[in-house]
Every structure is written in structure tokens, then in C-alpha cells.
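For the protein sequence lines, the chains are A and B, in the order given.
Using the numbering used here, the first residue of the first sequence is number 157, and each one after it goes up by one.
Using the numbering used here, the first residue of the second sequence is number 282, and each one after it goes up by one.
A quick write-up on the structure given underneath.
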Amino acid sequence: MKSLNLGSFLIGLFLHSTLIFSNEVAYKTEVVVEGLDNPWSIAFVSENQWLVTERSGDLRTVKDGILQSDPVAGVPEVLFAGQGGLSEVLLHPKFSENRLVYLSFSESDSVETKLNRLTVVRGRLEGNSLVDIKTIFGSHPLRKTAAHYGARMKFMADGTLLITSGDGFNYREKAQSLDNHFGKIVRVNDDGSIPADNPFLNTPGALPEIWSYGHRNLQGLVIADDGTVFEHEHGPKGGDELNVVEPGKNYGWPAITYGVDYSGAIISPFTDQPGMEQPIQYWVPSIAPSGMTLYRGDMFPMWKGDLFIAALVPGDVRRIELDGEKAINETIMFNEFGRIRDVASAPDGSLILATDGANGKLIRVSAVK
Amino acid sequence: MLRTTVVFLMATLIAMFFVAAQTSLSNLWWLSSVDMPITGSIIISMLLRDLIGMSVAGAFPIIAVVVAGLAIAFFVAHILLKIISIERKIIYALAGGAALFAIVVLMPLAFYNLDLIAGARTLLGKGILITGGMIAGYYFGAKSKKVVANEKS
Numbered sequence: 157m158k159s160l161n162l163g164s165f166l167i168g169l170f171l172h173s174t175l176i177f178s179n180e181v182a183y184k185t186e187v188v189v190e191g192l193d194n195p196w197s198i199a200f201v202s203e204n205q206w207l208v209t210e211r212s213g214d215l216r217t218v219k220d221g222i223l224q225s226d227p228v229a230g231v232p233e234v235l236f237a238g239q240g241g242l243s244e245v246l247l248h249p250k251f252s253e254n255r256l257v258y259l260s261f262s263e264s265d266s267v268e269t270k271l272n273r274l275t276v277v278r279g280r281l282e283g284n285s286l287v288d289i290k291t292i293f294g295s296h297p298l299r300k301t302a303a304h305y306g307a308r309m310k311f312m313a314d315g316t317l318l319i320t321s322g323d324g325f326n327y328r329e330k331a332q333s334l335d336n337h338f339g340k341i342v343r344v345n346d347d348g349s350i351p352a353d354n355p356f357l358n359t360p361g362a363l364p365e366i367w368s369y370g371h372r373n374l375q376g377l378v379i380a381d382d383g384t385v386f387e388h389e390h391g392p393k394g395g396d397e398l399n400v401v402e403p404g405k406n407y408g409w410p411a412i413t414y415g416v417d418y419s420g421a422i423i424s425p426f427t428d429q430p431g432m433e434q435p436i437q438y439w440v441p442s443i444a445p446s447g448m449t450l451y452r453g454d455m456f457p458m459w460k461g462d463l464f465i466a467a468l469v470p471g472d473v474r475r476i477e478l479d480g481e482k483a484i485n486e487t488i489m490f491n492e493f494g495r496i497r498d499v500a501s502a503p504d505g506s507l508i509l510a511t512d513g514a515n516g517k518l519i520r521v522s523a524v525k
Numbered sequence: 282m283l284r285t286t287v288v289f290l291m292a293t294l295i296a297m298f299f300v301a302a303q304t305s306l307s308n309l310w311w312l313s314s315v316d317m318p319i320t321g322s323i324i325i326s327m328l329l330r331d332l333i334g335m336s337v338a339g340a341f342p343i344i345a346v347v348v349a350g351l352a353i354a355f356f357v358a359h360i361l362l363k364i365i366s367i368e369r370k371i372i373y374a375l376a377g378g379a380a381l382f383a384i385v386v387l388m389p390l391a392f393y394n395l396d397l398i399a400g401a402r403t404l405l406g407k408g409i410l411i412t413g414g415m416i417a418g419y420y421f422g423a424k425s426k427k428v429v430a431n432e433k434s
């Protein structure tokens, strides 16, 4: 019986852990957690404690590699439909002092219940509960569609928070006007108030939170140490983009695009236009970019400073080597796990991949010692 | 049978023309409103590309949806013609309109309210496409072979 158990263990280990030796770097992959319901985002409280969002509405904790059975209490009710649900989890830069956690999610309006919005709340993590929850952003206007929320967040070095807000699918043209949050990156202070140096603060008719516009469905956001903001967004059928984003600039959607509509129709015959920014990389056909990290760890020195982009289609991770603000090389990696929803850099320097779907896994990529 | 098939395909093309043209023109209208340089050649090119693209190049083939919608609607109209007395062109026109209504109004309900045909995102757009379906149905009713002796023509 013991030998059978040992055999099962070894077979399990083989199935769950794979060693890869490439010309460049040797790494192994291992399934750390499985059975997550549509995992979407990961935040690292410490090397041994992670928070993971499940799009169906739970915030889960992983301690020492074990998924805790009880989800974090106090998370607001979310609209789990279509592409919506509980999305990003992000720690405040001073989390160790204030224990503040930020969550983005889609939620139905309390009055017009057939309509919904992207909402961002913050709460204080006390034990296994979120307390003192405060809404710091709600997208305007409401939408009827359950798609294209964006919902990624990152803190800038000055302590302000960038939030990506997608175009809502049906409302793509609104990405070009400043009186709404469709297809925008917005910037707020950590309490939701408006920073005094936002680019459209004094523009008549413009919402003061808007930081950049002309985006589609932005699901990747990182900020480099020098302050450069990288964002990726889903294109339609083709035309996914990786952009360097600057305040006040227009990224063109849907007036310019490298993609066509899912129906095969032309959205715009134009791919460039004065006053509209070009991506530093685009993909035709689409890879469905769904999450991104900038690798800063020491475990893989060769990867330092590279972007890793999770791709849902066909299901892999794109490693983008940068030269300043230029993308100079792309490598397809980790294409054996299916659709990858997110990729994150763990404090120990390993990469954590979150697979998409109702039986989502967290997969650790670490160096072979 | 051959005549019915040819007339059905023509009716499908009429409906597809409305779907593609409404999508092209609504996109072009908006692009023009934000000062994108729309020219006559761009309009013609986009109309033609959308007619072809929406028929064969989409992630899902709109033309297959239209064919299926019209086929079901015309079959129901064919049955109804046997049991009620109504002008053939009228019932097929209503059937064509119902088919497009299902495609532009009911189908999005199954996709989280996403209007997958861009030209159908507004009420006006939906109305135009339903009208296109009615015209396609009217054409089918007028040109296809009568199958019941006591039908009104």
C-alpha cells in the first residue's frame, strides 16, 4: 500500500511539475492551487500569503501554497455575468501599515437593476475579513452589456491609482469623447478623490478622473520603475495592442484600429491618424491579452525588465523584451496550460500563472536549482 | 425547387445587403463626425468589403445566421399559408421581418446584450435591418412558386 502511495505521489509529481530547459534558462512549472472558479487576479500579501479573486465573486486566500476553504468575508456582491464579476485585487503601496485592499468588479445598479457599472472599492483586511469598505470609483454612465470592463488597477509612484475602464462593447464610439468612462484610463487618489494635476481637470465637459482615452478593453497595466505606463488591450478580431500610455493622450479606438469587427465588418479603414497614438506592438490575429507583469525578480536574471503578457488565445504567455519604450522581441512561453488569465511576479522571483475557467489553476514558474 | 432555392438565396442577399450597408454607413457616419478623412472611394470600398467580410470573414458567419433565420421564418410562413388565408407576399414579408427581429433584438439577449452586428446598436439601426428582412421576405413571397392552390397571390 505504501509503495502504491509512493507511486501515485511520483506520478502526481510528474503530472504537476515539469522541468523545461531552453537555451536561455531552465525553469520548472508546478501547479500550486487548482479548483479556483475563474481566477482573475493575484496579490501577494507576503511570500507565503496570496489573495486571489474568483470572478464569481469570492476573494480567496492561499497560505503556504494551500487554498484556504473560507473566502475573505465582506467582499461586496458582484455581477457575475458575461465577462463581469470580481476582477482585480490590489494592495495599497503602504499595505503593511494600513492593510488597505482595492477590488474592482462589475455590479448591478441598485435602482436600474438591468444596468451595471465598473466599481472600485477599498477595504481594510482584518484577519479574514474586509472591513470599512468604501466605494472610490463607479463608472459613468451605466451600461446594459456585461462585457469589456477593463478593471485593471495599479498605483503610480506618487500614490495615485490608475484604473482601466473598458468600452462596454456596445459603446465603443464613446471611447473618443471625454464625458464618460468608456474606453478610458482614469486616475484617482487612493481615497477616490481627484488629483489636482489630472490632464482634463479644466477641460469643459470632460470627466476630471480621465487620464487617457481612446481605449478598448484594457486588461493589462504595469508601471515601470521610471514611471512608464504600459497597458495592453483586447482588439476586436485582430488588433490587440500594447501601448505606452501618457496622460491626456488619445489611443485612437475605434477611429483607428488594426482589427475588424467580430462580424467581419470594417470598424475603421484607418490605422493611424495625427493626434492619435500608435501601439508599440499589436497582434493580428488576436492573442486576447488578459494580464501583464513587469518582471523585476532575481530568480530569472535574463528576464529582468521584460513584460510578460497572459494570452487567452491560443493560450500562452508572451515575453516582450523592451528597449526603453520599444518592444524589440517577443517569445511565446508556457503554451501547455491552455488559456492564461493572468501572470504575476511573486515576491520570491517566481512567476505565477492563473489559468482561465471554472477549474482555474495557479501555476508557479520557478528556476531549477 | 431550384427556383425556390435561387429566390431564397436572392432574398438572403437582399437581407445581407441591408445588414452590411447599415453597418458600413453607421460606421462611416460616426467616423466622419470625428473628422476622419472619409472619401467617396473609402465609402464604396467599405460597402463592398463589409458585404463580403460580413458574409465570409467574421468570427461567426452573419450570412449563416441570416440564412437560418429566414429559412425558419419562411418555413413557418409556408405552414401558416396552408391554414390561414393571407396574401403570400405579406406573410413572407412579416416572416422576413420576424427573422431579422430575432437576429437583432432577441439574439443579443443570449450574449449579455452585446449587439454583435454593429449596425444594429441603435433603435434606428434595428428598425432598418428589420425593414430589410421584410423587403427580403416580400421579394421571396413575390417570386417563389406558389405551393397551395387557394393562396392569395
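We put the beta carbon where it would ideally sit given N, CA and C, even for glycine.
Item: List in chain order: all unbroken beta strand (DSSP E) runs of 3+ residues lying wholly within the region 433-511 of chain A.; Value: 437-439, 445-450, 463-467, 472-479, 482-489, 496-501 and 507-511
Item: If we cut at 9 Å on Cβ distances, does G163 of chain A have a partner in chain B?; Value: Note that G163 of chain A scores a pLDDT of 47, beneath 50, so its modelled location is shaky; the value from the coordinates is reported in the next line. Not an interface residue.
Item: Check whether chain A comes within 9 Å of L397 of chain B, counting only Cβ atoms and requiring the distance to be less than that.; Value: yes
Item: Please classify M335 of chain B as buried or exposed, where buried requires at least 16 neighbouring CB atoms within 10 angstroms.; Value: buried
Item: Less than 9 Å between CB atoms is the rule here; does T301 of chain A satisfy it with respect to chain B?; Value: yes
Item: Using 9 Å as the limit for Cβ to Cβ distance, is G238 of chain A near chain B?; Value: yes
Item: With three or more beta-carbon pairs closer than 8 Å as the criterion, would you say the region 255-273 of chain A touches the region 291-302 of chain A?; Value: yes
Item: Using a 10 Å radius around the Cβ and a threshold of 16 neighbouring Cβ atoms, would you call N134 of chain A buried or exposed?; Value: Only positions 157 to 525 of chain A appear in the structure, and residue 134 of chain A is not among them; the question remains open.
Item: Excluding five sequence neighbours on each side, which residues of the same chain lie with their C-beta closer than 8 Å to the C-beta of M432 of chain A?; Value: G370, N406, Y407, G408, A411 and I412
Item: Is F490 of chain A closer than 9 Å to I519 of chain A when the C-beta atoms are compared?; Value: yes
Item: Which partner residues does N406 of chain A have in the DSSP bridge list?; Value: A:Y369
Item: Please confirm whether H390 of chain A and F311 of chain A have their CB atoms less than 9 Å apart.; Value: no
Item: Using the DSSP secondary-structure output, state which residues sit across from T275 of chain A in a beta bridge.; Value: A:F261 and A:G294
Item: Could you give the distance in angstroms between the alpha-carbon of V208 of chain A and the alpha-carbon of R474 of chain A?; Value: 22 Å
Item: Counting only C-beta atoms, is K393 of chain A closer than 9 Å to chain B at any point?; Value: yes
Item: Starting from the C-beta of K482 of chain A, find all residues in its chain whose C-beta is less than 8 Å away, skip the five residues before and the five after it, and write them out in chain order.; Value: I436
Item: Please determine, among B:T403, B:D316 and B:I367, the residue with the shortest C-alpha to C-alpha distance to P430 of chain A.; Value: B:D316
Item: Do the CB positions of R343 of chain A and L317 of chain A come within less than 9 Å of each other?; Value: yes
Item: How would you list, in chain order, the residues of chain B whose beta-carbon sits under 7 Å from the beta-carbon of D417 of chain A?; Value: A399
Item: Can you tell which of A:D472, A:S522 and A:K517 has its C-alpha closest to the C-alpha of V189 of chain A?; Value: A:K517
Item: Only counting the same chain, and skipping five residues up and downstream in sequence, which positions put a Cβ closer than 7 Å to that of I292 of chain A?; Value: V276, V277, R278, V344, D347 and G348
Item: When burial is assigned at 16 or more other CB atoms within 10 Å of the CB, is N194 of chain A buried or exposed?; Value: buried
Item: With contact counted as at least three CB pairs below 8 Å, one residue from each stretch, are the region 348-359 of chain B and the region 378-390 of chain B in contact?; Value: yes
Item: Using only alpha-carbon positions, find the residue among B:L328, B:L362, B:I360 and B:I365 that is nearest to V300 of chain B.; Value: B:L328
Item: Listing by chain order, which chain A residues have their CB less than 9 Å from the CB of I298 of chain B?; Value: It is worth fixing the name first, because residue 298 of chain B is Phe in this sequence and not Ile. Going along chain A, no residue has its Cβ under 9 Å from F298 of chain B, so there is no contact; the nearest lies around 13 Å.
Item: Label T449 of chain A either buried or exposed according to how many other C-beta atoms from any shown protein chain fall within 10 Å of its C-beta, with 16 as the threshold for buried.; Value: buried
Item: So, are the CB atoms of R372 of chain A and E402 of chain A less than 9 Å apart?; Value: no
Item: Considering just the uninterrupted stretch of the beta strand (DSSP E) at L518 of chain A, what are its terminal residues?; Value: G516 to A523
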